[in-house]
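The structure appears below as structure tokens.
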Amino acid sequence: IVEEVPFYTHLGATIHQSLRWTEHVQTTTNKARRTLGFLGQLSDKLSRESLEMAYNAMVLPKLEYASILFGDLASSSSKMLERVHYQAGCLITGALRRTPSSIVMQELEWDNLSTRRHLHSMVLMYKLVNGLVPPHLQPLI
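In the numbering used here, the protein residues as written are 108 to 248.
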């Protein structure tokens with residue numbers, strides 16, 4: 108007998124029985140915030156470039172993990188992820204928390220996460236159509 112559960116985590120992606128990503132996003136943002144807090148403690152010791160590299164290596168992969176699966180994310184979940192991305196931008200630039208996100212993102216030359224998710228989806232589709240994916244993914248087209 109297979110037990111029915113409201114959500115299940117497999118390979119780090121938490122999938123809800125109704126295919127909502129709320130639990131995954133909450134878990135993801137919590138992990139990313141903890142790592143960002145650690146970077147915040149080091150912010151007075153690291154240069155801006157080092158902080159940005161650390162963010163790109165330690166936090167951004169958490170925010171984008173499995174994002175190809177939830178490309179059309181609910182607005183509230185998307186905002187949770189974007190908030191962490193913005194907080195990282197403020198930490199790196201030294202901007203005040205009330206600085207508009209568009210200014211912070213423009214200064215860092217960052218795209219928002221929803222744009223990045225869309226780009227990742229387009230890249231995957233291009234690779235699928237042009238036979239540039241591993242053989243086990245080719246039947247998907």
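All C-beta atoms, glycine included, are put in the ideal place defined by N, C-alpha and C. Nothing here was measured: the structure is a model prediction, and the numbers come from that model.
Taking just the CA atoms, how far does residue j sit from residue i?
| i | j | result |
| --- | --- | --- |
| Gly238 | Leu247 | 11 Å |
| Thr121 | Phe114 | 7 Å |
| Glu214 | Thr134 | 29 Å |
| Ile210 | Glu111 | 46 Å |
| His243 | Ser157 | 38 Å |
| Val230 | Arg224 | 10 Å |
When we look at the beta-carbon of residue i and count the other beta-carbons within 10 Å, is it buried (16 or more) or exposed?
| i | result |
| --- | --- |
| Ala195 | buried |
| Ile108 | exposed |
| Ala139 | buried |
| Arg141 | exposed |
Out of the options, which one is the CA nearest neighbour of residue i?
| i | options | result |
| --- | --- | --- |
| Ser228 | Glu159, Glu171, Ser150 | Glu171 |
| Leu153 | Ile199, His117, Ser125 | Ile199 |
| Ser184 | Val132, Pro241, Leu244, Ile210 | Val132 |
| Arg155 | Gly201, Asn137, His225 | Gly201 |
| Tyr193 | Thr136, Glu110, His117 | Thr136 |
| Tyr118 | Asp151, Leu231, Ala173 | Inspection of the sequence shows that residue 118 is occupied by Leu rather than by Tyr. For Leu118, the nearest C-alpha among the options comes from Ala173. |
| Asp212 | Leu126, Glu159, Asp151, Trp128 | First, the residue type needs correcting, since residue 212 is Met and not Asp in the sequence shown. Here the closest residue by C-alpha is Glu159. |
If residue i sits next to residue j, beta carbons under 8 Å apart, how far is it from one beta carbon to the other, in whole angstroms?
| i | j | result |
| --- | --- | --- |
| Ala161 | Leu146 | 6 Å |
| Val166 | Leu149 | Incorrect: roughly 13 Å between the Cβ atoms, too far for contact. |
Any beta-carbon of chain D closer than 9 Å to the one on residue i?
| i | result |
| --- | --- |
| Val112 | The structure shown contains no chain D, having only a single protein chain. |
Task: Segment contact, 8 Å Cβ cut-off, at least three pairs: the region 178-186 with the region 204-218 - done: no
Open item on the list: Taking contact to mean 3 or more Cβ pairs, one atom from each stretch, closer than 8 Å, check whether the region 186-195 and the region 220-230 are in contact.
Closed with: yes
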